[in-house]
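Everything below concerns the one structure shown next.
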Amino acid sequence: MALYPMYAPNRRIERRGDIVEFLKFHYRVQEIVDYSGLEQDGLFLEGTGAMVLDHESRIAYVARSRRADPLVLERFCTTFGYEPMVFDALDAAGVPVYHTNVLMCIASTFALIGADMINDETRRAEVTDRLRANGRSVLSLSEEQVREFAGNALELSPGTGELLLCLSTRALAALTITQRVTIERTHRILPLDIPTVELGGGSVRCMLAGVHLDPRVCSRN
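Residue 396 in the working numbering is what sits at position 181 of the sequence shown, and the numbering runs on without skipping anything.
See the structure below:
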């Protein structure tokens with residue numbers, strides 16, 4: 216497990232000991248790596264907001280920002296066995312994308328990404344080629360779709376063999392028919408209506424965290 220250094224002070228209180236203990240109780244946690252002390256040095260890596268992790272190819276995709284320091288990213292990738300892939304992503308006004316998970320979502324059979332917001336053409340091609348390497352379809356999102364949180368989605372598996380794509384109703388409305396058809400070939404879309412949350416600049420992905428730990432076979436008494 217990793218505890219991340221957060222740029223926003225109000226996000227730091229989300230590092231709750233009771234959640235750590237809950238995960239240790241139900242899952243096999245061999246080590247906890249605590250990067251939070253780097254906040255005092257002005258170094259930040261805001262977890263799976265700043266990084267979109269391809270767990271199959273072991274690549275950490277990161278849009279460069281003050282919330283994703285390259286030094287902390289390098290430490291994370293070395294410890295957890297990921298290859299960093301960093302790029303610049305800007306909106307039409309030249310403002311950097313503040314969190315990578317607003318820009319892109321990686322699922323088992325497809326990836327959603329605002330590729331045109333990666334301003335360097337060579338890097339854009341490298342990112343999309345790596346996403347396609349495992350046979351995924353790459354669904355390119357427009358900047359308007361990114362603003363509607365179409366990239367802020369998360370693949371979920373309820374353990375029944377079914378795959379879900381969880382996103383907001385606002386994000387779903389922004390997808391094209393062709394994009395929806397591609398997603399629904401392999402996933403059931405699970406839309407959530409969260410307009411109040413989206414006023415803060417994030418959507419469904421910002422509310423969820425995937426658990427990639429092995430469960431304990433027997434719970435402790």
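Glycine included, each C-beta is placed from N, C-alpha and C at the ideal position.
Of 333, 369 and 248, the smallest CA-CA separation from residue 355 is found for 333. Only buried fits residue 259, as 16 or more other CB atoms lie within 10 angstroms of its CB.
Less than 8 Å separates the beta-carbon of residue 330 from that of residue 343. The three-state reading of DSSP puts residue 216 in coil, since its state is none of H, G, I, E or B.
As computed with DSSP, residue 326 is found in a beta bridge with 321 and 353. Bounds of any beta strand (DSSP E) do not take in residue 362; it lies within the alpha helix (DSSP H) bounded by 358–362. Annotated as distal: residue 368 and residue 388, with beta-carbon spacing of 8 Å or more.
Contact between the region 252–272 and the region 308–324 is present, with at least three C-beta pairs closer than 8 Å. With respect to the 8 Å criterion, residue 287 and residue 220 are classified as neighbours on the basis of their beta carbons.
Residue 372 carries a coil assignment under DSSP once its states are collapsed to helix, strand and coil. Scanning its chain for C-beta atoms nearer than 7 Å, with the 5 sequence neighbours on each side dropped, one finds around residue 406 the residues 382, 383, 384 and 387, in chain order.
Contiguous beta strand (DSSP E) elements confined to the region 261–311 occur at 266–269, 274–278 and 298–302, taking only those with 3 or more residues. Cα atoms of residue 414 and residue 364: separation of roughly 11 Å, rounded to the nearest angstrom.
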